[in-house]
Amino acid sequence: MNPLISAASVIAAGLAVGLASIGPGVGQGTAAGQAVEGIARQPEAEGKIRDNRKQRILSTIRNSEELRRGAIEQLEKARARLRKVEMEADEYRMNGYSEIDREKVNLINATSYSLEQLENYKNETLHFEQQRAINQVRQQVFQQALQGALGILNSCLNSELHLRTISANIGILGAMEEITD
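Note that the sequence shown covers residues -20 to -1, 1 to 161 in mature numbering (1 follows the signal peptide of the UniProt record, and there is no 0).
Put into structure tokens, the structure is as follows:
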């Protein structure tokens, strides 16, 4: 039990019993004072006044006992309610903490999963970029190789083409000469 609540319930019980006993004490004091005044005025009625006084004292004691029992019952009810509320608060704390722990684990798992996905996306992106760079280099190498081969072919074809063209023209002229002769 919380020490502050324990101290407060002890103080409340003391106040309840104290307040419950003030009324009967004041009543007894008043009755005793009036009994003494009555005996002083009429000494012959002392026995009757004492009997009346005893009855009032007994009645006051009974009333104070009833008030005390009522205060104790209310105090016990308050303690029972306090215990119930403390148990509910403890249960709520436990459930709340377990719910918080569950949410924390779920959040950690979700974050871990997101980090794994981000790592996979990063690796896929790096692989894709590497393949793209490799393909660009291959394309540039093939272009340079094709341009070099084309240059060589053009230079070879030009001189060879000239020689063939000249040979073909000579052949045609020779054939024409034979036809005309």
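Using N, Cα and C, we set each Cβ at its ideal position, and we do this for glycine too.
Could you tell me the alpha carbon to alpha carbon distance between residue i and residue j, rounded to whole angstroms?
i	j	result
G76	K84	12 Å
L153	T145	12 Å
E79	V65	20 Å
G18	R42	24 Å
Q116	E109	10 Å
E46	T40	10 Å
Q127	N100	40 Å
L62	I52	15 Å
S147	M156	14 Å
G97	A129	The residue asked about is misnamed: residue 97 is Gln in this sequence, not Gly. So the alpha carbons of these two residues sit roughly 47 Å apart.
DSSP three-state label for residue i, please.
i	result
Q110	helix
Q123	helix
Q22	coil
Taking the alpha-carbon of residue i as reference, which of the options has the nearest alpha-carbon?
i	options	result
G9	Q22, I37 and Q116	I37
Note down, in chain order, each residue of its chain lying with its Cβ closer than 8 Å to the Cβ of residue i, except the 5 sequence neighbours on either side.
i	result
A(-9)	L55 and A58
A25	G18 and I19
Only counting the same chain, and skipping five residues up and downstream in sequence, which positions put a Cβ closer than 6 Å to that of residue i?
i	result
I114	none
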